[in-house]
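Structure first, then comments.
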Amino acid sequence: MLLDITDLTKSFPTGEGPLEVLRGVSLTLSAGESLALTGESGSGKSTLLHLVAGLDAPDSGSIHVAGQEVGALPDTARAKLRREKIGLIFQQFNLIPSLPVAANLAFQARLAGRHDPQLVTDLAESLGLTSLMTRYPEQLSGGQQQRVAIGRALAVRPALVLADEPTGNLDEATGDAVIDLLLSGVSGTGAALLLVTHSPRLAARCDRRLHLTAGRIA
Amino acid sequence: MTRAALSALLSHWRRHPLQLAMLLLGLALATALWSGVQAINAEARASYDQAAAVLGQDRLDRLVPASGRDLPQDAYIALRRAGWLVSPVIEGRLRIGSRTVTLLGVDPITAPPQAQLGGFDGGAGLLPFLTPPGEALASAATIADLDAAALPQSLRLRAVENLPEGTLIADIGIAQRLLGAEGRISRLLVHPDQPVGLPAWQDITPALRLDRPEGTADLDRLTDSFHLNLTAFGMLSFVVGLFIVHAAVGLAFEQRRPVFRTLRALGLPAGRLIWLLMAELLFFALLAGLVGVALGYLIAAVLLPDVAATLSGLYGAKVPGTLTLRPEWIAAGLAMATLGTLVAGAQGLWRIARMPLLAPAQPRAWARASEHAVKVQGALALALGLAALVLVQVGGGLVGGFALLACLLLAAALALPVLLYAALALAEKRARGVLAEWFLADTRQQLPGLNLALMALMLALAANVGVGTMVSSFRLTFTGWLDQRLAAELYVTARTEDEGARLRAYLADRANAVLPVWRTEGPVAGAPGTVYGMADHATYRQNWPLLTALPEVWERLADGTGALVNEQLARREGLAAGDPVALPGGTTLPVVGVYSDYGNPTGQAIVGIDLFVSWFPDAPRLGHAIRVSEEEAPRLARSLIEEFDLPPDRVQDQAAVKALSLRIFERTFAVTAALNVLTLGVAAVALLASLTTLSGMRLPQLAPVWAMGLTRARLARLELARTLLLAAMTALVALPVGLLLAWVLLAVINVEAFGWRLPMFVFPSDWAILGAFALLATLVAAALPVRRLARISPADLLRVFANAR
Amino acid sequence: MRVSLSLLFLLLATPALGQGAGGQGFAGLGAEVPEFALPDPTTRLEFPRDHGPHPAFRIEWWYLTANLTGPDGTDYGIQWTLFRSALAPEMREGWDSPQIWMAHAGLTTPTAHHSAERFARDGIGQAGVVAKPFAAWLDDWQMIGTATEGADQFDRVRITARGPDFAYDLDAKAEGALVLHGDQGFSVKAGGGQASHYYSQPFYRMSGTLILPDGPVTVTGTGWLDREWSSQPLDGDQTGWDWFALTFDDGSRLMAAQVRSDSGTFSIGTSIAADGTAEALPDGALRFTPLETAGVAGREIPVRWRIEGAGLDVQIEPVNTESWMDTTFAYWEGPIRISGSHSGRGYLEMTGY
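Residue numbers (the working numbering), protein chains in the order written: chain A, 15 to 232; chain B, 7 to 811; chain C, 8 to 360.
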């Protein structure tokens, strides 16, 4: 099992006491599989994604990614896990503004020490970025930026791609095109995909779907 | 509406207290250094005016001896009996315990009203003032400074106001006796209203000279350079402080853009918004200005004793070591703070005024690098650099020199971002490794936000290198010069002419040589100066620090066919070897040599001793330089003190004179050094302010990198390294700028201000220390924001990715 | 009795001799100062000794006024005064001498009044008085005795003085003997017994030159020299005085004065016949009535007077009402014309207004 989540809980402190965002979530995901996580705003789906990525620590429960217990890892090991095993795609694209497209594409792969120029060239071509390689993020449209983000995530040959509302900032046509690229890219590298979205239409394109309501799998 | 709008605007500061603190701190520091320097200058100027006004010297004509030090009292009586309304003054130095004061003897009965002998209001009568043991008037501070037990001949002291520091006024009869100058008079004050039909004073008492009121011109001229120096430092600090304010105001305006837009959309007129923001700024300006003025007062109070010592040691200008709080100075400080705030905030206000109502939110517009801006700055820097070059060619006095400094520093400051930008771009091209690339690219991107702080740091560092190099070069030259100039083993000053003659007789077979150090004051090349008589002796031939000389200079000096002049006189009058120089008494000699003279800024000439004695027979023959073997010197000094009952300060050995000279020298630059450090401190605060405000804006750029697999600690280390890299590069740029500054100070400013040009020496070890200090300051400035980053909660970073953003 | 006692008292009480330094620094003489000599009724004056200074007394003056006439008949008046003021009752050599000299000079024309003052320290030669051969000087102002051998030192003197806009050089030749006032020169000034030693030479025939802003004028006329010394200020409540030196056309003279106080006046006088016979007039023998006042230097000053008693009833009017001595201690002093039972000319001094 590539991803195995058991009884995961997470709460955040607020002015009116702790807010329980996840209340015992369990799920699994196999290599090469794609899973859509749907739910209303505030249902906890983004938090779940962040916990899987090791960006934050759960209150209780366990997350195993490729056999490693994420929650038990120290900060440096978690960073290494993110670097090498996980490709992240955000709604805001979150490219590095000071680097051109080419450098953004290769960024994480080079961080992970597994830079494959050929792969990056191929990805750029398949994502339609070849002519934009010397541009800076601020010179790109939203769709173009997200395609760079997808390429960046895939260039590291991750075991798991985590995408958080990747089309949330895009119009429908662009969003559809981006999802096509994401899905084909993921399947091309053999990675698993955990897609967080509130759109049933998008979710329908994944192998499996889970619905999160008030911190629990419905 | 106004009230609601104001509360919306002000809520920003509640949420960003650090930003507010930076704004106020920057403003307060800028005002503090500026007004501190102003306070020092004002205090000094006030005491010059007071000194110049003593006995109405700034208003009354005076009759002074044409040569020599004084005139007989008979001359006074003769003038009075001929109808001239003049009043006698005797002036001398009086030692009281460990202090030496200026004693002025006056005749209160004949002194013109303009002499304003204030102080006869203490209730004691005229009788105790006029008759022995007599009474001396002095400022309360002077009295407090004197050892009452050491007062000579049971003289009593009475405190009065408006007398300069270190000055006693007594009746002339009392003063003559105290000074051992019975029957002598230093000068005559001339009543402005003289009777009709008087005979010319020249026909009654020749050998006098009429001096016009000198006003404060003399001290002002001498000390101008020093005060200009301080003012320049104050201004530099103020500008550095304004950088902080500009950064804080700019950021606060930028961050509040959404609020501004909302307020505008809700119907607040743009004009009202501008006025509200202006009022907010003015309030801050006044608040910080008050704090700054208070701080400035503290700074001035701390520095003033050193300044007073400098002015006294270098120029003989007496300034009290304590500060008076002057209302006009407080007002000036507040005005400066207000003006500075408005200047620093003008750009922000201008942008708000032009902001379209529905402009898209551009939270990073302020920080985004603009290649265009860099180009404009580069062009400006070039233009200013060219202007500096022109100024070097044209010259133009002290003000021109400081204009040159300003051009140079401004050009360097504007060029700094261009240089950093280019250097980082170059390094980026060569960088291997993804982190290095990202690190450099990100550093370059951050430049616009740090520009001003880095400029401030660069200016402070350059000033430090420049002034440090100047002072060290001066010190090296000065000590070398002292060694040459103070070649004799002992220096003895007799108290009276008679004692001088006995000294010479006593020393004739006890010393290898007794060299006269006799001098007279008088116009040299048309300005007040001093003429020395010099014996023809190997001591001078071997050691005297000649800069240029004609062949057989010593022979020509000895036979009275030539004079030596000091460097400052030669430069001021454009004298070269062979040119004639006018000496007191209406005589002229050709210049046969120019010698370096770092003791004082006034003109000096040296003639052969025989010629001196024949020209100035009245000049007191008191000072003597004694050549004796080094082993003999201490014994001879002791026997002189015992034999002649001389006070120990009248017999000084070479080492003591050198030590005294060096001590004066060190104190002279103590203030400069202190201001230097303070300026660097302000620059560090500027950096801290910029880094702190920037750190909040850095998260969106750092969060993705974190998400892609870097730990927060590593990111924090990189941020620290980034700041240090920028500081190091800035320091690197500052070094040549500082050396250029030193050159301007040594070769332009010094020549204009003091009249001497100094060779430049470089001290690389000092640079290393300064560089380390700069990095340390940067480290301190960066520590807080970096620590915050290292400990930031993941939730704060995750917010960057939150959909709601 | 001339500018005298209270003027010098003022001098001592006033700051820094015109330096404008303010305050009462020089007052406080009274108690702490060494004892000064007091006028003594048994003292008999001796000349030339008593022409010289009396340093044991606190104050003393040599005071000459003259009524002069120019070639065109214009009236002029001059004043020459040397005051000695002692801080202590002794004289010493050099700056230590505790005595101060002050001189006033005035020159009055019908249309202008010029005045000047000088100060000097004693002991250094700037000012002084020598009884024989007589010389009194301060700076270049002087009164030098030029009497022939055997005559009194005051028989003939030459006086010179010079101000910013005037000067004079006059010869004074006596045509009569010295006159002792009061009892053998002991002159009582107040009901409290305050007194001075006081004598005059009222019989000078004057000639010489005045230097006016418009040029020199040759003049002739009559002059009156007063000598007085004392140590006692006036009574505490005495506010000022009016002093008249009257020279009548018939050759007789009258010294008439009143000291004003809150409680009334004290009059003094000496009636001098043309042959020099003097008769002291006791308090109340003369009556002084102001007839008209004029605004001078911001004060109301009685410029026209009526004097009755001792067989005369005369009216006094000034040559120039603006005869204001604008010196450190200001007062009115100028030439006057006399009409009524007797006619003539004279000098009037008024203080305390």
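Beta carbons are placed, not taken as given, at the ideal position from N, Cα and C, and that holds for glycine.
What you are looking at is a predicted structure, and each value in this text was computed from that prediction instead of being measured.
For residue i, which three-state DSSP category applies?
i: B:Y303; result: helix
i: B:H252; result: helix
i: C:K139; result: coil
i: B:I115; result: coil
i: B:K435; result: helix
i: B:I46; result: helix
i: A:T61; result: helix
i: B:H378; result: helix
i: C:H204; result: strand
i: B:G406; result: helix
i: B:P198; result: coil
i: C:G258; result: coil
i: B:P78; result: strand
i: A:D136; result: helix
i: B:L282; result: helix
i: C:K196; result: coil
i: C:W102; result: helix
i: C:S268; result: strand
i: C:T296; result: strand
i: C:S274; result: strand
Within this structure, are the beta carbons of residue i and residue j separated by less than 8 angstroms?
i: B:A121; j: B:S93; result: yes
i: C:I66; j: C:W236; result: yes
i: C:L177; j: C:Q208; result: no
i: C:A292; j: C:G276; result: yes
i: B:L420; j: B:A740; result: no
i: B:A722; j: B:F807; result: no
i: B:L195; j: B:A680; result: no
i: B:E188; j: B:R162; result: no
i: B:L39; j: B:V688; result: yes
i: B:L214; j: B:I175; result: no
i: A:L216; j: A:A50; result: yes
i: C:G347; j: C:D320; result: yes
For residue i, tell me which candidate among the options has the shortest Cα-Cα distance.
i: B:E758; options: B:A583, B:A409, B:N682 and B:A417; result: B:A409
i: C:D47; options: C:L185, C:I343, C:F193 and C:D57; result: C:F193
Please return the same chain residues whose Cβ sits closer than 8 angstroms to the Cβ of residue i, not counting the five positions on each side in sequence.
i: A:P32; result: S25 and F26
i: C:M8; result: Note on C:M8: pLDDT 38, under 50, position unreliable in the model; no value is reported.
i: B:V3; result: Because residue 3 of chain B is not part of the residues shown, which for chain B are 7 to 811, the question remains open.
Output needed for residue i: all residues of its chain with C-beta closer than 6 angstroms, excluding positions within five of it in sequence on either side, in chain order.
i: B:L556; result: A583 and V598
i: B:L136; result: D177
i: B:I612; result: Y538, M540 and L570
i: A:V175; result: G101, A167, V200, A205 and L207
i: C:G359; result: T246 and G247
i: A:A116; result: M147
For residue i, which residues in the same chain have their Cβ closer than 7 angstroms to its Cβ, ignoring the five residues on either side in sequence?
i: B:E638; result: none
i: C:E329; result: H120 and V303
Query raised in the report: Is the number of C-beta pairs between the stretch 126–145 of chain C and the stretch 196–205 of chain C that are closer than 8 angstroms three or more?
Result: no
Query raised in the report: Do the stretch 81–98 of chain A and the stretch 157–168 of chain A make contact, defined as three or more Cβ pairs closer than 8 angstroms?
Result: no
Report task. For the stretch 11–18 of chain B and the stretch 199–213 of chain A, state whether three or more C-beta atom pairs, one from each stretch, are separated by less than 8 angstroms. Result -> no
Query raised in the report: Are the stretch 773–787 of chain B and the stretch 716–730 of chain B touching, with three or more C-beta to C-beta distances below 8 angstroms?
Result: yes
**Report entry** Segment contact, 8 angstroms Cβ cut-off, at least three pairs: the stretch 586–594 of chain B with the stretch 503–520 of chain B
**Finding:** no
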